[in-house]
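Q: I'd like to ask some things about the structure below.
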Amino acid sequence: MATLLEVEDLRTYFTTDDGIVKAVDGVSFTLKEGKTLGIVGESGSGKSVTCLTIMGLNSKKSATSKGRALFRGEDLLQASNQRLREIRGNDIAMIFQDPMTSLNPVHRIGDQIVEGILLHRDVSKKEARRRAIDALKEVGIPRADRRADDYPHQFSGGMRQRVMIAMALVNEPSLLIADEPTTALDVTTQAQILELMHSLQRDYGTAIVMITHDLGVVAEIADDVVVMYAARIAERAPVGKLFEEPLHPYTWGLLGSLPRLEADIDRLVQIPGTPPSLLSPPRGCRFNPRCPYVFDRCKEEMPELVASPRDSEHLQSCFLDDVTKQREAERTLASFATEVP
Amino acid sequence: MVDELLRVENLTKHFPVSRGIVFQKQVAAVKAVDDISFTVNRGETLGVVGESGCGKSTMARCIMRLLDLTSGTLTFEGQNISRLSRNEMRPIRREMMMIFQDPYASLNPRKRVGFIVGEALVVHNTGTDAAIKRRVQELLEVVGLNPEHYNRFPHEFSGGQRQRIGIARALAVNPKLIVCDEPVSALDVSVQAQILNLLKDLQKEFGLTYIFIAHDLNVVRYISDRVMVMYLGKIAEVAGSAELYARPKHPYTGALLSAVPIPDPRLGRARKPIVLEGDVPNPINPPDGCRFHPRCPRFQEGVCDASIPEAVDVGTDHTASCFFPLGHWPMTLEEMQRVDNPTPAS
């Protein structure tokens, strides 16, 4: 399948009063048409800024970006504002974490969706409204023709997120960027929204970049996963590989620190300390102050993202030798092993 | 023999909805917590799960007597505390403390850590200034902070460290019961694990009893001995933690469990989630009969919408408020919809 999005060595630096914050510092990944890429990481790891940079949504005043973000061969970082406006909401759509603040509270939701259609499609207002109502029906809003005249506050959180998805998908984009779309929702609502995104992807072949802090969500819907730590990629792999044979100490820590429904865990693995400040990140590997396997080289040299010797699709950035990695990956998985029924 | 620390009987909390500016009259009530009863044993952790608006935080605030009860009885160590005055409550407040969700909003930004942690000690006249300072530094060390940070302000700490300050403050007066209201939901996973492990260690060391409120079923599974599932102001199900997660009996518990994403693609993608229709109804006008009936896959007309299900025994120390408890687990949506005997077993 054709490559839809190719991000190469993306760097975004913000100038602040305290100095330069390297929010994204050398991130590369590719996404094929119709596939789902999960980007996981803790707060401040740069996952949201990566996507805002691709969309050209960072403040021009304080942010500088380097690298390339090729969308169907076109570099979005070099595109003019006018060109970006043509692409956004049309070829690439985005949905955000908080559906209340991303909808305009003083406009009816039908009108907000119609605005997006009229901007990109040469259709009559009547036709645009028909399409908006169809989109609302598609995402499962009951009595969509009447609800289109309601204001955002008249919807519940889950319903608002459905409206956001309808708005994002109305122009049938080929790429949907979802920034923590279910974090503000309850689990049963989250299950509804994930199911909806999944079925829409199946029907329309939309590729999805899913930003989340929840490894469970990634395991459910992603095809490929990028694990970010302190503005860089720790590990990148197809979803099965990442959970069956994780190769980075940070991934081991993350997997071990998750409480689990399906297993009796006596004590969670703890990653000591907190993520570093991006104003003055540690020398060498960013994870070295918290890493239990740290040795001299980690403190001097920054590890590059390289393929595992056994699998060219599985990339990681750690200096540990492969034998140790295999052993430690097994040990991590054994600590919360459950029988597959 | 189990030693009962807290008994909650028929706890009800309704918030009035009133109309009118001069002549206010009550037009309705938000039934946040409606007639719930349970007990908490000494030394255990009772996990409380439910979605937003199910009344779990209101229940916690009622137990702490931060809100007045509409009706019901709270018995703490054999003493009825549900109608005590502020003065009469004061000695009891030493015995129960609370840890809050938001480590940013729950610490006064203008006070130093030493003051925040030591305030309860001052209020309860526990000793001289020097003794209090010693105790505060000891507490900071217990929760894994540097005692030399005594004079710092909250903004100098990260989210996880602030939550540790909140825990030190709760521990200061040696309480028996700590009510934790979503203590880790604002934290990242790696920090969340640190705080959960700390809470477990402290429980062992000081023999604490926790009521642990959370919306994350994974977290509750890890920390709790017993788990209580709430829906729209009512208790749906109570059971031992392993029992509840292995053999849920209430359809709502089943739907919740199947909705939690599992961080393992092999397990997660093999199952078919039971996706519930619609949203949680409005607590001003809750549905008649079982409150879950409009969304329940096992709904039986004339039974579920006619009367409120009582909690019935469905296993060892396992009760569920459902007329048609689930027979086995895991099950698919189709299996859940199939009710063999549509007259309830009473």
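Chains as they are written, first to last, in our numbering: chain D, 1 to 341; chain W, 342 to 687.
For each residue, glycine too, the CB sits at the ideal point set by N, CA and C.
A quick note: this is a predicted structure, and the numbers were derived from the prediction, not measured.
1) From the DSSP secondary-structure annotation, give me the bridge partner or partners of Gly38(D).
2) Could you give the distance in angstroms between the alpha-carbon of Thr3(D) and the alpha-carbon of Gly256(D)?
3) Indicate whether Ile520(W) and Met430(W) have their beta-carbon atoms separated by less than 8 angstroms.
4) What does Asn538(W) reach in chain D if we use C-beta pairs closer than 8 angstroms?
5) Rounded to a whole number of angstroms, what is the C-alpha to C-alpha distance between Pro627(W) and Thr380(W)?
6) Mark Glu479(W) as exposed unless 16 or more other C-beta atoms lie within 10 angstroms of its C-beta, in which case mark it buried.
7) Please report how far the alpha carbon of Ser526(W) lies from the alpha carbon of Gly459(W), in whole angstroms.
8) Given that a residue counts as buried once 16 or more other Cβ atoms are within 10 Å of its Cβ, and exposed if not, what is Ile193(D)?
9) Since Gln192(D) meets chain W, which of its residues come closer than 7 angstroms, beta carbon to beta carbon?
10) Using a beta-carbon distance below 8 angstroms, is Phe243(D) in contact with chain W?
11) Check Tyr572(W) in the structure and name its three-state DSSP category.
12) In terms of residues, what are the limits of the alpha helix (DSSP H) holding Ile457(W)?
13) Measuring alpha carbon to alpha carbon, tell me which of Ile221(D), Lys32(D), Val226(D) ends up nearest Glu42(D).
14) Can you tell me which of Gly630(W), Glu618(W), Thr673(W) puts its alpha carbon nearest to the alpha carbon of Gly636(W)?
15) Indicate whether at least one CB of chain W lies closer than 8 angstroms to the CB of Arg11(D).
16) Using only CA atoms, which one of Gly273(D), Pro259(D), Cys298(D) lies nearest to Asn559(W)?
17) Name, in chain order, the residues that DSSP records as bridge partners for Met437(W).
18) With 8 angstroms set as the bound, which would you pick, yes or no: does the beta-carbon of His213(D) sit closer than that to a beta-carbon of chain W?
19) Could you tell me whether any Cβ in chain D is nearer than 8 angstroms to the Cβ of Ser290(W)?
20) Rounding to the nearest angstrom, what Cα-Cα distance links Ser582(W) and Thr594(W) in this structure?
21) How long is the line joining the alpha carbons of Glu339(D) and Thr16(D), rounded to whole angstroms?
22) With a threshold of 16 other CB atoms inside 10 Å of the CB of Phe295(D), please say whether the residue is buried or exposed.
23) By Cβ distance, which residues of its chain are closer than 8 angstroms to Arg402(W), with the 5 residues on each side in sequence left out?
24) Is it buried or exposed, Phe633(W), if we count other Cβ atoms within 10 angstroms and call 16 or more buried?
25) Under the three-state reduction of DSSP, which class applies to His355(W): helix, strand or coil?
26) For Met159(D), name the three-state secondary structure that DSSP assigns.
27) Can a CB atom of chain D be found closer than 8 angstroms to the CB of Glu523(W)?
28) With a CB to CB cut of under 6 angstroms and the five nearest residues on each side skipped, what residues in its chain are close to Gln342(D)?
29) What residues in the stretch 193 to 227 of chain D have a beta carbon less than 7 angstroms from any beta carbon of chain W?
30) Tyr445(W) bridges to which residues according to DSSP?
31) Using a Cβ cut-off of 8 angstroms (strictly closer), state whether Ser62(D) contacts chain W.
32) Between which residues of its own chain and Ala128(D) is the CB-CB distance below 6 angstroms, once the five residues before and five after are set aside?
33) So what does Asn382(W) bridge to, in DSSP terms?
34) Any beta-carbon of chain W closer than 8 angstroms to the one on Val239(D)?
35) Does the beta carbon of Glu328(D) come closer than 8 angstroms to any beta carbon on chain W?
36) Near Ile690(W), which residues of its chain fall below 7 angstroms by C-beta distance, leaving aside the five closest residues on each side in sequence?
A: On the basis of the supplied data:
1) Here the question's residue 38(D) lines up with position 38 in the first sequence. Answer is Met210(D), Val225(D), bridged to Gly38(D).
2) Locating residue 3(D) in the first sequence gives position 3, counting from the first residue. Locating residue 256(D) in the first sequence gives position 256, counting from the first residue. Using only the alpha carbons, I get a separation of about 33 angstroms.
3) Your numbering for residue 520(W) matches position 179 in the second sequence. Your numbering for residue 430(W) matches position 89 in the second sequence. It should be pointed out that residue 520(W) corresponds to Val in this sequence rather than to Ile. Not in contact: Val520(W) and Met430(W) (Cβ atoms no closer than 8 angstroms).
4) On the second sequence, residue 538(W) is found 197 positions in, with the first residue counted as 1. Ordered by position in chain D, the residues that pass the 8 angstroms Cβ test against Asn538(W) are Arg267, Leu268, Gln270.
5) Against the second sequence, residue 627(W) aligns to sequence position 286. Against the second sequence, residue 380(W) aligns to sequence position 39. Roughly 25 angstroms separates the two Cα atoms.
6) Here residue 479(W) refers to the residue found at position 138 when the second sequence is read from its first residue. Answer is exposed; the Cβ neighbour count stays below 16.
7) For this step, residue 526(W) is matched to residue 185 along the second sequence. For this step, residue 459(W) is matched to residue 118 along the second sequence. Answer to the nearest angstrom: the Cα atoms are 26 angstroms apart.
8) On the first sequence, residue 193(D) is found 193 positions in, with the first residue counted as 1. Buried.
9) As a position in the first sequence, residue 192(D) is number 192, starting the count at 1. Within chain W, the residues near Gln192(D) are Val616.
10) Looking up residue 243(D) in the first sequence gives position 243. At least one chain W Cβ lies under 8 angstroms of Phe243(D).
11) Taking the second sequence and counting its residues from 1, the one referred to as residue 572(W) is at position 231. In this structure, Tyr572(W) counts as strand in the three-state DSSP scheme.
12) Residue 457(W) sits at position 116 when you count from the first residue of the second sequence. Its alpha helix (DSSP H) spans residues 454 to 464.
13) Taking the first sequence and counting its residues from 1, one reaches residue 42(D) at position 42. Measuring from the Cα of Glu42(D), the nearest candidate turns out to be Val226(D).
14) Position 295 of the second sequence, counted from the first residue, corresponds to residue 636(W). Here residue 636(W) is Arg; the residue named in the question, Gly, does not match the sequence. Looking at the Cα atoms, Glu618(W) is the closest of the given residues.
15) As a working mapping, residue 11(D) is identified with position 11 in the first sequence. By this cut-off, Arg11(D) is not an interface position.
16) Mapped onto the second sequence, residue 559(W) falls at position 218. Among Gly273(D), Pro259(D), Cys298(D), the Cα nearest to that of Asn559(W) belongs to Pro259(D).
17) Working through the second sequence from its first residue, we reach residue 437(W) at position 96. According to DSSP, Met437(W) bridges with Leu518(W).
18) One-based indexing of the first sequence puts residue 213(D) at position 213. Judged by the 8 angstroms Cβ criterion, His213(D) is in contact with chain W.
19) Absent from the structure is residue 290(W), since the part of chain W shown begins at 342 and ends at 687.
20) Taking the first residue of the second sequence as position 1, residue 582(W) is located at position 241. Taking the first residue of the second sequence as position 1, residue 594(W) is located at position 253. Rounded to whole angstroms, Ser582(W) to Thr594(W) spans 12 angstroms at the Cα level.
21) Position 339 of the first sequence, counted from the start, is the residue given in the question as residue 339(D). Position 16 of the first sequence, counted from the start, is the residue given in the question as residue 16(D). Reliability of the predicted coordinates at Glu339(D) is poor, the pLDDT of 49 falling under 50, and no value is obtained from them.
22) For the purposes of this step, residue 295(D) is taken as residue 295 along the first sequence, with counting starting at 1. Classification of Phe295(D): exposed, given that the 10 Å Cβ count is below 16.
23) As a first step, residue 402(W) must be located in the second sequence, where it is residue number 61. Answer for Arg402(W): Leu408, listed in chain order.
24) Reading the second sequence from its first residue, position 292 is the one you call residue 633(W). Phe633(W) comes out buried.
25) On the second sequence, position 14 is the one that residue 355(W) refers to. In this structure, His355(W) counts as strand in the three-state DSSP scheme.
26) For the purposes of this step, residue 159(D) is identified with residue 159 of the first sequence, where counting begins at 1. Looking at Met159(D) - three-state DSSP - the assignment turns out to be helix.
27) As a working mapping, residue 523(W) is identified with position 182 in the second sequence. Chain D, which has no Cβ nearer than 8 angstroms to the Cβ of Glu523(W), makes this no.
28) Outside the displayed span of chain D (1 to 341) sits residue 342(D), for which this structure offers no information.
29) Glu195, His213, Asp214, Leu215, Gly216, Val217, Ala219, Glu220
30) Walking along the second sequence from the start, residue 445(W) turns up at place 104. Paired residues: none, contrary to the question.
31) The count along the first sequence starts at 1 and reaches residue 62(D) at position 62. Ser62(D) does not count as touching chain W.
32) Here the question's residue 128(D) lines up with position 128 in the first sequence. Closer than 6 angstroms at Cβ, skipping near neighbours: Val114, Ile117, Leu118.
33) For this step, residue 382(W) is matched to residue 41 along the second sequence. Asn382(W) is bridged to Glu345(W).
34) As a first step, residue 239(D) must be located in the first sequence, where it is residue number 239. Yes, Val239(D) counts as interfacial toward chain W.
35) Along the first sequence, read from residue 1 onward, the residue named residue 328(D) stands at position 328. By this cut-off, Glu328(D) is not an interface position.
36) Nothing about residue 690(W) can be read from this structure; chain W reaches only from 342 to 687.
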